[in-house]
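In this note's numbering, the protein residues as written are 17 to 79. See structure below.
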């Protein structure tokens, strides 16, 4: 169990400072299914698998 006081406003200060993209990333990176799928891409990521991965998770990358 996490060791924090969920009732304390200080617990949420970092989350409140995030923009929409940052908040979405914080949620996504904790998702066990996303983490499993990311690990399955390999290192470096297999580019042939990136298109279905991005589509499944609704990701877009800007350059």
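The beta-carbon is built from N, C-alpha and C at its ideal position, and this holds for glycine as well.
Cα atoms of residue 25 and residue 64: separation of roughly 44 Å, rounded to the nearest angstrom. Of 41, 69, 38, 40, the smallest CA-CA separation from residue 52 is found for 69.
The residue from 30, 59, 28, 44 with its alpha-carbon nearest to that of residue 74 is 44. Per DSSP, reduced to three states, the secondary structure at residue 59 is coil, with no helix or strand assignment.
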